[in-house]
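**Student:** Numbering (my numbering), first residue to last: 332 to 518.
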């Protein structure tokens with residue numbers, strides 16, 4: 332099996348499905364006591380407890396700790412900011428959770444779960460790419476792109492060479508993954 336085939340096999344949607352499922356289960360297992368929060372402190376506690384629950388569940392430690400650490404709080408805030416980037420991040424999420432808008436705290440937690448799942452997928456892809464390709468070895472990237480062009484050259488501009496694509500090899504692979512997923516029938 333060629334290098335490009337090995338990489339694409341590891342990045343196939345089916346290959347990632349089992350570990351991606353853990354994110355959905357983590358969300359389903361977390362039970363909110365209320366759909367709204369009464370204060371900003373309660374909001375911070377809730378998002379941090381969910382963050383810790385989600386991360387621990389996905390990594391195989393199914394527990395929800397009682398204490399809120401500053402590091403987990405900082406990570407939870409980052410996730411919330413990612414979930415609502417153009418709407419005001421944490422401030423917007425707090426308003427939703429306090430007022431019960433769009434489902435309140437449940438909507439915030441669901442949005443966090445989506446961000447955590449997407450981040451994990453990106454990290455998984457990165458780990459596969461650097462496992463198979465040394466980012467400092469230009470010749471290895473050229474060889475990978477030669478294999479890609481031989482197999483999928485019809486998806487690229489005719490004038491592009493393996494050497495040109497080697498500078499953007501990760502983008503080429505990510506684009507290919509997106510293309511595969513968009514063309515795969517959904518039944």
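All C-beta atoms in this analysis are idealised placements derived from N, C-alpha and C, irrespective of residue type, glycine included.
Kindly provide the ranges of any alpha helix (DSSP H) runs that are 4 or more residues long and lie completely inside the stretch 380-446, ordered along the chain.
**Tutor:** DSSP runs (the alpha helix (DSSP H)) wholly in the stretch 380-446: 401-414, 421-430.
**Student:** Give me the residue from 432, 384, 444 with the minimum Cα distance to residue 413.
**Tutor:** As a working note, residue 413 is residue 82 in the chain shown. Per the Cα distances, 444.
**Student:** Can you name, in chain order, every residue of its own chain whose Cβ lies under 7 Å from the Cβ of residue 475, other than the five neighbours on each side?
**Tutor:** Numbered from its first residue, the chain shown carries residue 475 at position 144. Within the same chain, residue 475 has close Cβ partners 334, 335, 464, 500.
**Student:** Quick check: residue 354 and residue 410, are their CB atoms within less than 8 Å of each other?
**Tutor:** Counting from one through the chain shown, the residue named residue 354 turns up at place 23. Counting from one through the chain shown, the residue named residue 410 turns up at place 79. Not a contact, by the Cβ cut-off of 8 Å.
**Student:** Residue range of the alpha helix (DSSP H) that residue 338 falls in?
**Tutor:** The residue you call residue 338 lines up with position 7 of the chain shown. Its alpha helix (DSSP H) spans residues 334-341.
**Student:** Please name the residue, chosen from 455, 498, 485, that lies closest to residue 466 on a Cα-to-Cα basis.
**Tutor:** Taking the first residue of the chain shown as position 1, residue 466 is located at position 135. The residue with the shortest Cα to Cα distance from residue 466 is 498.
**Student:** Let's see if you can read the secondary structure: which residues bound the alpha helix (DSSP H) around residue 508?
**Tutor:** Reading the chain shown from its first residue, position 177 is the one you call residue 508. Here the alpha helix (DSSP H) through residue 508 covers 500-514.
**Student:** Thinking C-beta only, is residue 384 closer than 8 Å to residue 424?
**Tutor:** For the purposes of this step, residue 424 is taken as the residue at position 93 of the chain shown. For the purposes of this step, residue 384 is taken as the residue at position 53 of the chain shown. No, they are not a contact pair.
**Student:** Assign residue 432 to buried or exposed, taking buried as 16 or more other Cβ atoms, counted over all protein chains shown, within 10 Å of its Cβ.
**Tutor:** Numbered from its first residue, the chain shown carries residue 432 at position 101. Residue 432 comes out exposed.
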